[in-house]
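Residues 9 to 245 (our numbering) are what the sequence shown spells out, left to right.
One structure is given here, and the rest of the page talks about it.
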Amino acid sequence: MFHNENISKQGVHLMKLNVVFSKTIAHILAYLRGDFLKNTKKVPPETIDITQSLGNNLKKARQNAGLSQEDVAEKLYYTRQAISRWELEKTSPNIYVLIRLAKLYKVDLNTIVTGIKLPEKRKIFYLFALFGVLAFNSIFGLALLTLVVAFLFTVYALELSLLLAPFISILGVLSHSSQVSLLGRPASAGLDWWQILFIIIMLIVGLLLVPFLIRISKVILHWLLNYYKYNIKSIYH
């Protein structure tokens with residue numbers, strides 16, 4: 009029993025040290041970002057964030073369940089200070105802790121999150137990211153786009169030749185036109201059996217390549233759209 013109490017006390021001390029260390033690092037990073045003073049200002053009522061409404065709901069649910077902060081901390085293996093911070097709106101628990109709290113308080117999760125409004129995220133325009141995107145795409149992006157367009161043009165030209173060449177040859181034979189030739193032989197001279205077989209094979213291959221061509225076109229188009237969205241998001245988000 010004494011050994012278990014020592015382990016529990018050591019765990020509490022480690023959690024306290026972790027909280028202090030995390031807050032210190034957070035303040036240092038905030039100061040380096042230049043918004044340390046901004047974060048220390050009082051938040052006006054119209055900009056209440058998620059932790060404020062959530063803290064009130066957690067406190068009310070705990071009181072209705074007849075539990076103290078010490079009871080909750082003991083059952084969830086958290087410190088009483090952590091429970092107090094949630095209810096005082098200094099920090100907010102994650103979704104998994106909220107589910108455990110709802111079960112502990114014997115209430116529905118919707119009861120705890122009722123009235124919570126997520127703060128609207130303001131989008132920011134990043135000028136340096138714009139320069140980076142323009143520099144990268146002017147060198148690599150343009151070259152890649154040229155290769156993609158050239159590849160699609162070649163594939164579509166090959167597909168059209170496979171599909172149209174047999175019909176053009178047949179029309180040349182029927183019209184007795186000397187302008188149309190197949191494998192170096194004028195179509196007006198007629199078609200041998202092996203030429204007819206070659207025409208049929210070309211038509212079959214062309215038809216079989218249609219689904220493949222559609223699929224590869226969709227993949228390339230989807231990739232280009234995602235790449236475009238990624239560039240926009242890196243500049244303005």
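No residue lacks a Cβ here, since even glycine has one placed at the ideal position from N, Cα and C.
Just so you know, these numbers come straight off a predicted model, no measurement behind them.
- Message: For I224, which residues in the same chain have their Cβ closer than 8 Å to its Cβ, ignoring the five residues on either side in sequence?
- Response: V163
- Same chain only: Cβ atoms within 7 Å of K83, ignoring 5 sequence neighbours per side: L112
- Message: Taking the alpha-carbon of P101 as reference, which of V115, N65, Y134, S169 has the nearest alpha-carbon?
- Response: N65
- Task: Could you name the residues of the same chain whose beta carbon sits closer than 6 Å to that of L168, not counting the 5 residues immediately before and after it, in chain order?
- Result: none
- Would you be able to state if there are at least three C-beta pairs under 8 Å between the segment 140 to 157 and the segment 226 to 243? yes
- Item | Separation of L142 from F175, as counted between CA atoms | 47 Å
- Item | Residue(s) in a DSSP beta bridge with F133 | Y244
- CB T119 to CB A81, shorter than 8 Å? no
- Based on Cα-Cα distance, which residue from L138, L216, F133, G149 lies nearest to L171? L216
- Item | 8 Å Cβ cutoff met for I243 and F133 | yes
- Residue ranges of each alpha helix (DSSP H) run of no fewer than 4 residues wholly in the segment 49 to 120, ordered along the chain? 58 to 72, 77 to 84, 88 to 95, 103 to 113
- Query: From H245, G214, L160, L205, pick the residue whose C-alpha is nearest to that of I228; which is it?
  - Reply: L160
- Message: Taking the straight line between their C-alpha atoms, what separation do you get for Q105 and H245?
- Response: Note that residue 105 is Val in the sequence shown, not Gln. Rounded to the nearest angstrom, the two C-alpha atoms are 29 Å apart.
- Item | Proximity winner among G63, I212, I240, relative to L96 (alpha-carbon distances) | G63
- Message: Suppose the cutoff is 7 Å on Cβ atoms and the five residues either side in sequence are ignored; what does the same chain contact list for S92 look like?
- Response: Q77
- Task: Any chance you could list the alpha helix (DSSP H) runs of at least 4 consecutive residues sitting entirely within the segment 135 to 173, in chain order?
- Result: 135 to 144
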